[in-house]
Amino acid sequence: MFTAILLVFYQRVNLSVAIVALNSLDETTTTNASQPKFNYSGLTPHQRSSILGSIFWGTFSVQLLSGYLGSHYGTVKLLFGCVLGSSLISIGLPFALIYFGFEAFVALRVVQGCAQGIVFPAVYAHLAKWSPLKERSLLGGISQSGMDMGMALGFLCSGLLAVTALGWRAIFYVPGLVGILWSVFWLIFAAESPQKCRYIAQQELTLLAEITVVAPTEKRKARIPWCAILTSAPYLVLVLVKLSHGLSIFTLMQQIPLYINGLYDYEIHVNALLSALPFFLMFVTSHLVTFTAHYLLVVRKCSLALVRKSLNTVSTWVPAAAFVAMTLIRSEEQVTANIICLIVAVMTYAAAAVGSSLNHIDLSPNFGGMLVGMTNMVMTGMGVISPIAVAEVVKDENDRSQWNIIFLIIAALLFLGNLLYLFFGKMVAQPWDEIEAPAERSTTNNVESMETAVFRTNKK
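Under mature numbering (1 follows the signal peptide of the UniProt record, and there is no 0), residues -18 to -1, 1 to 442 are what the sequence shown spells out, in order.
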C-alpha cells in the first residue's frame, strides 16, 4: 500500500516539473531538436491552471463511489485498477499532448484522476481489515508516508529525467512502466482479508482475529446511516481539517516548482532538487511521527485522543506559522530563509497521517473507506480550486506579494480547522457505525410489528 500511494502521487506531481521543462523548451533555441515540442507559453493562465488541476477533477468526481465500493465490495481489485489504470494513462500522456493537443491531454489527466481517486478509500478500507487497533497508527502511518516519498521522487526524478535523451516524455514513461510492474506483484501477493491470504502464518491470523470489521457481503445488505454521518460533529470537524490540509498540500504540490522558478529562475535540475527536498524531509518526519505515536500509545499508554490532537496541531499550526513567516520575508536575496519556511510547512504536514487521517477509522471501522471517500471529495476539491485561485491572484509569478496572499489564506484555514478539531474531535467509534445483522434486523422488525399489532388491538 505504501508503494501504491507512492506511485499515484509520483504520477500526480511529475506534471509540475514537466511544465517547467516544456516552458524551457519554448524559451531556448539550443535544445535538442529531436525532442518534440509543445507551445506551452502560448496557453492562457486559465488553460495552464486547467492542465495542473485537471487530475483533481477526476479524483474529485469518484470519491463517493470509490469509498462506497471500497467499504462494500473489497479493495484488492480496486487498488489493482487504480495503479494499473493510472500507469497506462501516464504512458499515453506525451502522445496525447504532441499529436492531439491541450484538450486531449487535459481529458486524459481527468481520466487518470478518476483512476487515482480510488487509492485512499481503498487503502483505508484495507487497513481496517488488516491492522489491529494498537498497530493501526503504525501501519497507517507507514502506508500514507508513500505520499511523501511519491512527491519527493516525483519532483527529483522528473528533473533528472527531463535532461535525458527522451527529455520531458521520460517524466511520464518511467513511472508508468513501474506502475505496471507493481500491478503484477499486487495480483500475486494481495488478499482481501487475513482469512483469505495464502501466505499468512497461523500466529498472525490469530492476532488479527480481534479485528471486528463486518464482511463486505453484510455491508451490502446494511443501511448506510447517511443522516447520522452528515450531522456528526466529530466527522464534520474532521472534514474541515482535511479541507485545510488539502488546500495547503495541493497548493505546494502544484506550485512549488513554479514558485521557485518565478522568484529565482534556477536550472531545471536545481529547481527539481529544491522542490523535492521538503518532501524527502517530510518522508523522514512521517516515519519519526509514526513510531513516536506507536511508542506513546503502546509503551507510554497515552490516550489516543491526546496523541491524535497533538500531532494534528503540529501538522496545521506549525505550517500556518511558516506560511505567515514567508510573507514577512521582503528581500529576494533571502533564499535560504524562504526555502527553510517551505521545508517546515511541508515537513510538518507529515504528522497529519496519524493526527487526523486515521481518525476516519476511529470514528467508523465499518464505514471507514466510505468516510475517507467523502472527505477526500472535499479535500481533492481543493486541488481543483487551488490552481484556479492561484491563476486569479498570481498574475506575475515573479511578484512575491501576490504569492503572499495565497499563503495567508492557507494559514488562516489551517488555524481555524485545528482549533475546532481540538474542541470537537473524537477518537472512538460512533453509535452509527454499528451494523445490524440481517437476522437481528428481521427479528427487530417482527417485534416492532407485533408491538404495533398489540397496540392497535388495545386501542380498539
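By construction, the Cβ of each residue, glycine as well, lies at the ideal position given by its N, Cα and C atoms.
From a predicted model like this one, the values you see are computed outputs, not experimental measurements.
What are the boundary residues of the alpha helix (DSSP H) that aspartate 344 is part of? That run of the alpha helix (DSSP H) goes 341 to 345.
Restricting to Cα atoms, I'd like to know which of Ser285, Ala275, Asn243 is closest to aspartate 381. Nearest Cα to aspartate 381 within the set Ser285, Ala275, Asn243: Asn243.
Any idea what DSSP makes of glycine 128, helix, strand or coil? If DSSP states are grouped into helix, strand and coil, glycine 128 belongs with the helices.
If we ignore side chains and look at the alpha-carbon of each, how far apart do serine 175 and isoleucine 417 end up? C-alpha separation (whole angstroms): 19 angstroms.
Only counting runs of 3 or more residues, tell me where the beta strand (DSSP E) segments fall wholly within the stretch 234 to 309, in order along the chain. If we require 3 residues or more, the stretch 234 to 309 turns out to have no beta strand (DSSP E) run fully inside it.
Taking only beta-carbon atoms, is glycine 95 less than 8 angstroms away from chain C? The structure shown contains no chain C, having only a single protein chain.
Compute the beta-carbon to beta-carbon distance between serine 338 and arginine 282, rounded to the nearest angstrom, for a pair I have assumed lies under 8 angstroms. Contact between serine 338 and arginine 282 does not hold, since their C-beta atoms are separated by about 21 angstroms, which reaches or exceeds 8 angstroms.
Cα-Cα, which of Val266, Ser214, Gly136, Tyr331 is closest to serine 257? Distances from the CA of serine 257 to each of Val266, Ser214, Gly136, Tyr331 were compared; the closest alpha carbon is that of Gly136.
Can you tell me whether glutamine -8 is buried or exposed? The criterion is at least 16 other CB atoms within 10 Å of its CB, across all chains shown. By the neighbour-count criterion, in which a residue is buried when 16 or more other Cβ atoms sit within 10 angstroms of its Cβ, glutamine -8 is buried.
Here's the rule: buried if 16 or more other CB atoms are within 10 angstroms of the residue's CB, otherwise exposed. What is phenylalanine -10? Phenylalanine -10 comes out buried.
Kindly indicate which three-state DSSP category glycine 83 falls into: helix, strand or coil? In the structure shown, glycine 83 sits in coil (DSSP, three-state: anything other than H, G, I, E or B).
Would you say leucine 402 and leucine 222 are within 8 angstroms of each other, going by their C-beta atoms? Closer than 8 angstroms, so yes.
Please work out which residues of its chain come closer than 7 angstroms, Cβ to Cβ, to isoleucine 325, disregarding the five sequence neighbours upstream and downstream, and give them in chain order. For isoleucine 325, where only same-chain residues beyond five positions count, the Cβ hits under 7 angstroms are Leu259, Pro260, Leu263.
Report all residues from its chain with a CB closer than 6 angstroms to the CB of arginine 151; omit the five preceding and five following residues, and keep chain order. In chain order, Pro76 place their CB closer than 6 angstroms to the CB of arginine 151, counting only its own chain and leaving out the 5 sequence neighbours on each side.
Threonine -16 - DSSP class collapsed to helix/strand/coil: Judged by DSSP in its simplified three-state form, threonine -16 adopts helix.
Would you mind listing the alpha helix (DSSP H) stretches within the stretch 120 to 194 that are 4+ residues and don't spill past its ends, in chain order? List check, alpha helix (DSSP H) in window: 152 to 171, 184 to 189.
State whether the stretch 265 to 277 contacts the stretch 86 to 106, with contact taken as three or more CB pairs (one from each stretch) at a distance under 8 angstroms. Contact annotation: the stretch 265 to 277 does not touch the stretch 86 to 106, with fewer than three C-beta pairs closer than 8 angstroms.
Three-state secondary structure (DSSP) of alanine 411: Alanine 411 falls in the coil class under three-state DSSP.
Chain-order list of residues whose beta-carbon lies under 6 angstroms from that of valine 92 (same chain, five-residue window excluded): If we look at valine 92 and ignore the five residues flanking it on each side, its Cβ neighbours are Ser36, Trp39, Gly40.
Please state whether the Cβ-Cβ distance between serine -3 and alanine 373 is less than 8 angstroms. The answer is no: Cβ separation not under 8 angstroms.
Quick check on the burial criterion: 16 or more other C-beta atoms within 10 angstroms. Buried or exposed for glutamine 94? Burial is judged here by how many other beta carbons sit within 10 angstroms of a residue's own beta carbon; glutamine 94 has at least 16 and is buried.
Out of Ile162, Gly141, Leu163, state which residue places its alpha-carbon closest to the alpha-carbon of isoleucine 153. Of Ile162, Gly141, Leu163, the residue nearest in Cα terms is Gly141.
Grouping DSSP H, G and I as helix and E and B as strand, with all else coil, what is proline 216? Helix at proline 216.
How many whole angstroms separate the CB atoms of glycine 123 and serine 113, which I take to be in contact at a CB cut-off of 8 angstroms? 11 angstroms between Cβ atoms; not a contact.
How about alanine 327 and serine 268: are their beta carbons less than 8 angstroms apart? Their beta carbons are not under 8 angstroms apart, which means alanine 327 does not touch serine 268 by this criterion.
On the DSSP letters alone, give me the boundaries of the alpha helix (DSSP H) that asparagine 386 sits inside. Looking at the DSSP string, the run of the alpha helix (DSSP H) that includes asparagine 386 is 382 to 406.
Isoleucine 388 versus alanine 134 - alpha carbon distance: Taking the Cα positions, isoleucine 388 is about 23 angstroms away from alanine 134.
For isoleucine 250 and valine 2, the rounded distance between their alpha carbons: Taking the straight line from one Cα to the other gives about 7 angstroms.
Using only the alpha-carbon positions, how far apart do serine 226 and glutamine 98 sit? Near 21 angstroms, if we compare the C-alpha coordinates of glutamine 98 and serine 226.
Note down the Cα distance separating proline 27 from isoleucine 33, rounded to an integer number of angstroms. Each residue's Cα considered, the two are about 10 angstroms apart.
Distance CB(lysine 408)-CB(proline 207) smaller than 8 angstroms: Against a cut-off of 8 angstroms, the Cβ pair of proline 207 and lysine 408 comes out as no contact.
Specify the secondary structure class of threonine 41 as computed by DSSP and reduced to three states. Helix, per DSSP.
8 angstroms CB neighbourhood of phenylalanine 42 in its chain, flanking five on each side removed: Gly95, Gly99, Met359, Thr362, Gly363, Gly365, Val366, listed in sequence order.
Taking a contact to mean a Cβ-Cβ separation below 8 angstroms, would you say alanine -15 touches leucine 90 in this structure? Alanine -15 is not a Cβ neighbour of leucine 90, given a cutoff of 8 angstroms.
Leucine 143 beta carbon less than 8 angstroms from that of valine 160: Contact flag unset, no.
Can you tell which of Leu353, Ser127, Ala210, Ala303 has its C-alpha closest to the C-alpha of leucine 395? The option with the nearest alpha carbon to leucine 395 is Ala303.
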